[in-house]
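**Q** Take this structure first; my questions come after.
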Amino acid sequence: MNHQIISYVAEMEAALMSKMEDHNEKNLLFSIASDMITKDKEQFNNVCQAYEVVKHHIVSNLSTAL
């Protein structure tokens, strides 16, 4: 992972944590990633990789909690 992907992972996780409590959207993480891509289309691949990293963190944390 390059520095930009790591930065996007941190940004996505922070946005997810701050919006999760008062947000009813089913695909909140996807929405966050889409907004990031809209802001900087040249970073599409990095944002998509960051999205996958965050998604896997969530899934692995949920599976360990169960």
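Per the working numbering, residue 2 is the first one in the sequence shown, and the count goes up by one each step.
Every residue, glycine too, gets a C-beta built ideally from N, C-alpha and C.
In whole angstroms, what is the alpha-carbon distance linking Asp36 and Leu67?
**A** Residue 36 sits at position 35 when you count from the first residue of the sequence shown. Residue 67 sits at position 66 when you count from the first residue of the sequence shown. Distance between the alpha carbons of Asp36 and Leu67 is about 31 angstroms.
**Q** Where does Asn62 sit, in a helix, a strand or coil, going by DSSP?
**A** Position 61 of the sequence shown, counted from the start, is the residue given in the question as residue 62. In the structure shown, Asn62 sits in a helix (DSSP, three-state: H, G or I).
**Q** Does the Cβ of Val60 have 16 or more other Cβ atoms within 10 Å, making it buried, or fewer, making it exposed?
**A** By one-based count along the sequence shown, residue 60 stands at place 59. Val60 is exposed by the Cβ-count criterion.
**Q** So which of Val48, Ser19, Ile33 has the shortest CA-CA distance to Ile6?
**A** Numbered from its first residue, the sequence shown carries residue 6 at position 5. Taking only the C-alpha atoms, the option nearest Ile6 is Val48.
**Q** Which value, in whole angstroms, describes the spacing of the CA atoms of Glu29 and Ala11?
**A** The residue you call residue 29 lines up with position 28 of the sequence shown. The residue you call residue 11 lines up with position 10 of the sequence shown. This sequence places Leu at residue 29; Glu is not what is there. C-alpha separation (whole angstroms): 15 angstroms.
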